[in-house]
Amino acid sequence: VGYEISDDKKTMNQFLHYDQLYTIRHGWNSPFFIGLLEGKIMGTRCPKCGDTWVPPRTHCWNLACDLQRTEWVEMPKKAKVHTWTVAGWSGRSSLKRLPIILVYGVIEGSKTAIANELHGVNPWDVEFNMPLKVVFKPKEQRIGAITDWHFEPADEWEPSPMNKEKERIKKLVEPVYEWVKTLK
9 VGYEISDDKK TMNQFLHYDQ LYTIRHGWNS PFFIGLLEGK IMGTRCPKCG DTWVPPRTHC
69 WNLACDLQRT EWVEMPKKAK VHTWTVAGWS GRSSLKRLPI ILVYGVIEGS KTAIANELHG
129 VNPWDVEFNM PLKVVFKPKE QRIGAITDWH FEPADEWEPS PMNKEKERIK KLVEPVYEWV
189 KTLK
């Protein structure tokens, strides 16, 4: 488990262990993962049309830009919920954290959404277009992976009042909370 970055900071190799060692060569996308180590969300922008993406794209997909090579830009740590799901089952390493809220959040200024966990909110309170903030792990815990950060509700956000749909979702996740309490 670890990483190595080239002297020119253009490439990054990452070493992960999931019952066996994996080496991931990030290639042109290395600045995204190096940015995570530095507590930054890096996106790409087309110099012709100005479209911006997180996760990054190497070339612009706008047909008028003729596959223009994109440039790296630091993105704000603000987003909005595009869509989400609530996981009631997971791999062994995450079972005690269930239920897990997986959000596709659109980083402010981006044309695309990126998936990550949403912490600090009840599963029944998540809403479309809910404002989010990006929260990074402490520097010494980062490994240059998507797990270096997560979403949380923006400071100004307040959940809407309980309603029938929220009650339904709450009832669906209650057995998951009870089951997790039994895990050793």
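Here the sequence shown is numbered in the working numbering, starting from 9 and rising by one per residue. Ideal placement from N, C-alpha and C gives every residue a C-beta, glycine not left out. Since this is a predicted model, take the numbers as computed values, not measurements.
Within the DSSP bridge table, the entry for Ala153 names no partner. With contacts defined by Cβ atoms closer than 7 Å, Arg100 and Glu79 do not form a contacting pair.
Membership of Arg105 in any alpha helix (DSSP H) is not indicated, and neither H nor E is assigned to it by DSSP. Here Phe144 is not near Gly113, since their CB atoms are 7 Å or more apart. The beta carbons of Pro167 and Leu140 sit about 13 Å from each other, so the pair does not count as a contact at 8 Å. Sixteen is the threshold: since fewer than 16 other Cβ atoms of the shown chains lie within 10 Å of the Cβ of Trp97, the residue is exposed. The beta carbon of Asn124 is closer than 8 Å to those of Leu110, Val111, Gly113, Ile154, Trp157, His158, Phe159 in its chain, skipping five residues each way along the sequence.
Restricted to the segment 50-119, the beta strand (DSSP E) segments that are unbroken, complete and at least 3 residues in length are 79-83, 86-95, 108-115, listed in chain order. Residues of the same chain with a CB within less than 7 Å of the CB of Trp165, apart from the 5 flanking positions on each side, are Met138, Pro139 in chain order. DSSP places Lys17 outside both helix and strand once states are collapsed to three, so it counts as coil.
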